[in-house]
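Student: One structure follows; several queries about it will come next.
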């Protein structure tokens with residue numbers, strides 16, 4: 377069974393731009409969560425989607441948004457990028473209690 | 179103060195040693211406790227999952243949860259160089275919901 381895939385793996389943007397990251401969950405998994413990982417703050421929860429509905433949201437500004445499609449694939453968008461948005465963005469899919477993580481998208485904001 | 183505290187290390191041990199990794203937490207609503215292993219440039223991989231208090235063993239790994247002390251541990255027996263990674267504790271109040279992670283402990287097992 378294929379794991380969680382995330383595209384792109386690496387991304388370089390400049391301040392003020394916007395970015396869209398994509399996540400394809402494991403087949404059959406309907407829950408997709410997004411996390412931000414930085415050296416200073418560690419892994420922090422962004423939001424979770426289940427059956428195209430946002431079920432839970434972390435403490436991030438409105439510049440961070442996401443959506444989920446009918447095939448469970450998910451995207452997250454960050455608008456008006458700031459230097460502090462440089463991070464590894466991880467997507468996790470789950471069927472029951474276990475969350476399977478993808479390899480992440482490393483975003484660098486210059 | 180963070181909800182979950184974890185010593186960042188680094189922790190360096192010789193091959194074959196028993197490793198003890200720990201986290202403390204402040205939110206008494208946490209009921210689901212996990213340990214993830216993360217290799218460099220990879221996503222976290224679930225090692226152990228425990229519900230409420232108690233012990234769970236899987237091969238060389240043992241997870242312990244003491245809810246009364248708000249303290250969880252991961253023990254690695256007969257540590258191997260391939261165990262060198264960052265170990266993250268994670269917990270949640272409800273199943274399949276948002277995980278709150280510790281900052282991770284970097285472990286180096288010396289051959």
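Protein chains in written order, with the numbering used here: chain A, 377 to 486; chain B, 179 to 289. Yeah, the Cβ is synthetic: ideal placement off N, Cα and C, and Gly gets one too. The structure displayed is predicted, hence computed values, not measured ones.
1. Taking the Cβ atom as the reference point for each residue, do residue 186 of chain B and residue 278 of chain B lie within a distance shorter than 8 Å?
2. Would you report the Cα separation of residue 452 of chain A and residue 397 of chain A, rounded to the nearest angstrom?
3. In this structure, what does DSSP give as the bridge partners for residue 249 of chain B?
4. With DSSP run on the structure shown, which of helix, strand or coil describes residue 387 of chain A?
5. Taking one C-beta from the segment 394-414 of chain A and one from the segment 463-483 of chain A each time, how about it: are there three or more such pairs within less than 8 Å?
6. What is the rounded straight-line gap between the Cα of residue 245 of chain B and the Cα of residue 258 of chain B?
7. Please list the terminal residues of the continuous beta strand (DSSP E) segment that includes residue 408 of chain A.
8. Do you know whose CA, among A:417, A:443, A:386, lies nearest residue 293 of chain B's CA?
9. What does residue 224 of chain B touch in chain A if you count any residue whose Cβ is under 9 Å from its own?
10. Give me the chain A residues within the contact set of residue 273 of chain B, using Cβ-Cβ distance strictly less than 8 Å, ordered along the chain.
11. Among B:195, B:275, B:273, B:210, which has the Cα closest to the Cα of residue 241 of chain B?
12. Residue 275 of chain B to residue 233 of chain B, Cα distance in whole Å?
13. Below 7 Å CB to CB, which residues in the same chain sit around residue 384 of chain A once its five sequence neighbours on both sides are set aside?
14. Residue ranges of each beta strand (DSSP E) run of no fewer than 3 residues wholly in the segment 418-469 of chain A, ordered along the chain?
15. Along the beta strand (DSSP E) that carries residue 238 of chain B, what are the first and last residues, could you check?
16. Should residue 207 of chain B go down as buried or exposed, given a rule of 16 or more other Cβ atoms within 10 Å for buried?
17. Can you give the beta carbon distance from residue 428 of chain A to residue 445 of chain A, rounded, assuming they're within the 8 Å contact cut?
18. Is residue 161 of chain B helix, strand or coil by DSSP?
19. Any beta carbon of chain A sitting closer than 8 Å to that of residue 210 of chain B?
20. To the nearest angstrom, report how far apart residue 475 of chain A and residue 391 of chain A are at their CA atoms.
Tutor: On the basis of the data shown:
1. no
2. When rounded, the distance between both Cα atoms is 5 Å.
3. Note: residue 249 of chain B is bridge-paired with B:202, B:244 in the DSSP secondary-structure output.
4. Three-state DSSP puts residue 387 of chain A in a strand.
5. yes
6. In this structure, the alpha-carbon of residue 245 of chain B lies about 30 Å from that of residue 258 of chain B.
7. 407-414
8. The structure shown does not extend to residue 293 of chain B, since chain B is modelled only from 179 to 289, so the question has no answer here.
9. 474, 475, 476, 477
10. 472, 473
11. B:210
12. 22 Å
13. 481
14. 418-426, 429-433, 440-444, 450-454
15. Careful: residue 238 of chain B lies outside any beta strand (DSSP E) and carries neither H nor E.
16. The residue in question, residue 207 of chain B, is exposed, as its Cβ has fewer than 16 Cβ neighbours within 10 Å.
17. 7 Å
18. Examination of residue 161 of chain B is not possible in this model, given that chain B is present from 179 through 289 alone.
19. yes
20. Residue 475 of chain A and residue 391 of chain A have their alpha carbons spaced roughly 32 Å apart.
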